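Its first residue numbered -11, the sequence shown is counted upward by one per residue in our numbering.
The beta carbon of each residue, even a glycine, is placed where N, CA and C say it ideally should be.
Just so you know, these numbers come straight off a predicted model, no measurement behind them.
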Amino acid sequence: MIRTPPHWVSRGWLALLLLPLSALWALAAWLRHATARPQQVSLPVICVGNLVAGGTGKTPIVSWLYDHLASRGWQPAILSRGYGGSMTGPVWVDGTIHDAGMCGDEPLMMAESRDVLVSRDRVTGARAIAAQGSYDVIIMDDGLQNPHLQKQVSIGVFDGGFGVGNGWLIPAGPLRTSWRTGMGMMDMAIINGTDSAGVAAQIAGRLPVHHVKTQIDQEVVHSLQGTPLLAFAGIGRPARMFDSLKEAGAQIAKTLSFADHHPYSAHDLTRIQEDAHHHGAAMITTHKDWIRLPAEWRERVTLLPVSILPEDSDALLDSVETRLRQPQDRGRHD
């Protein structure tokens, strides 16, 4: 489970000490790509990933792309590795028989209203979707650095406030691959939130850049007006959720942060409930966290839905469709 370490933000002494290990990471990544033979499937693949470890808000963007491509007549299916789940797949996610421990929280969340297949091996999963015969495009959640499946459209998502952190490779920094290599992997970039980290300037015209913002459900916040809230989240960057609530005027009594995909134990839930009782607060969390809670706990915790609002929806969709309609042998396979 991923929690963003403080040394990923600046080039301090700990990051410097870890640089030799980053060199080993770079070598391993190079060998993985050098020895891979990318496989092409009969359907075009849109990959929505990121260059850094941790959350950038890519899963809501996957959901948004699915919904809006479907509105333009496409028949998409989502392919996920099922991080945090026990199933190796390929398996179509069914919320009536699967839980987050089986298929992962993000696939389960998206499958509430979308067709989602989980497969640890992405090539096998893509072939299973193609064999179904009901779809004409695959949207892959994560996998930008996966060299085994050829991609028609590769989208890199950045958190506008975090950017690329200190710009160093794991473990000294958050980058999964070097900036130069990462630029070569992407066809376009999406910056989520205000670009205070200056990502657009770093890309400097090398790729199309689209801007989106994540918005919380204002009706939920208004329904809790005047009620103290205990907000908890186990996502890539929990502060984003807490800040959004504060900006919407919510009365935050306490916040609790957990690692991304954190499996909530009975001890965790007891602690959360005791803290909420101490502050006289109602409990609220993200959809991704809520879906990981035991069924009896979902009735006690308010779900805060979020959605993606692009700066220019048509421009983003047009950019994706232009790439989709190109001959498949011109797609990316980095």
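{"Item": "Is the beta carbon of HIS249 sitting closer than 8 Å to the one on GLY131?", "Value": "no"}
{"Item": "Look at ALA119 and LEU105 and say whether their C-beta atoms are less than 8 Å apart.", "Value": "no"}
{"Item": "If you drop the 5 nearest sequence neighbours on each side, which residues of the same chain put their C-beta closer than 7 Å to that of HIS86?", "Value": "LEU96"}
{"Item": "Hey, GLU287 and HIS198 are a contact pair by Cβ (cut 8 Å); roughly how many whole angstroms apart?", "Value": "GLU287 to HIS198, Cβ: 38 Å. No contact."}
{"Item": "Can you tell me which of the three DSSP states ILE272 falls into?", "Value": "strand"}
{"Item": "Among VAL294, ALA14, ILE143, which residue has its Cα nearest to the Cα of GLU309?", "Value": "ILE143"}
{"Item": "So the candidates are TRP62, ASN38, TRP13; which of them puts its Cα closest to the Cα of LEU31?", "Value": "TRP62"}
{"Item": "Helix, strand or coil for ASP129 per DSSP?", "Value": "strand"}
{"Item": "Looking at C-alpha atoms only, which residue of CYS91, LEU67, TRP156, LEU297 is the closest neighbour of LEU6?", "Value": "TRP156"}
{"Item": "Apart from the five residues on each side of it in sequence, which residues of its chain come closer than 7 Å, Cβ to Cβ, to TRP(-4)?", "Value": "GLY153, ASN154, GLY161, PRO162"}
{"Item": "Inspect the beta-carbon positions of TRP285 and LEU312 and report whether they are closer than 8 Å.", "Value": "no"}
{"Item": "Is it right to say ALA283 is buried, meaning 16 or more other beta carbons lie within 10 angstroms of its own, or is it exposed?", "Value": "exposed"}
{"Item": "Taking the C-alpha atoms as reference points, what is the distance between ASP325 and HIS255?", "Value": "The chain is shown only over -11 to 322; residue 325 falls outside these bounds and no answer can be derived."}
{"Item": "Nearest-angstrom Cα distance between LEU12 and ARG164?", "Value": "12 Å"}
{"Item": "Pull the bridge partners of TRP80 from the DSSP assignment, please.", "Value": "LEU105"}
{"Item": "Just the Cα atoms here: how many angstroms apart are HIS266 and LEU233?", "Value": "20 Å"}
{"Item": "Please list the terminal residues of the continuous alpha helix (DSSP H) segment that includes ILE49.", "Value": "46 to 59"}
{"Item": "Between the C-alpha atoms of ILE34 and GLU262, what's the straight-line distance to the nearest angstrom?", "Value": "44 Å"}
{"Item": "Figure out for me which residue from ALA177, LEU244, PHE230 has the closest Cα to the Cα of ALA238.", "Value": "PHE230"}
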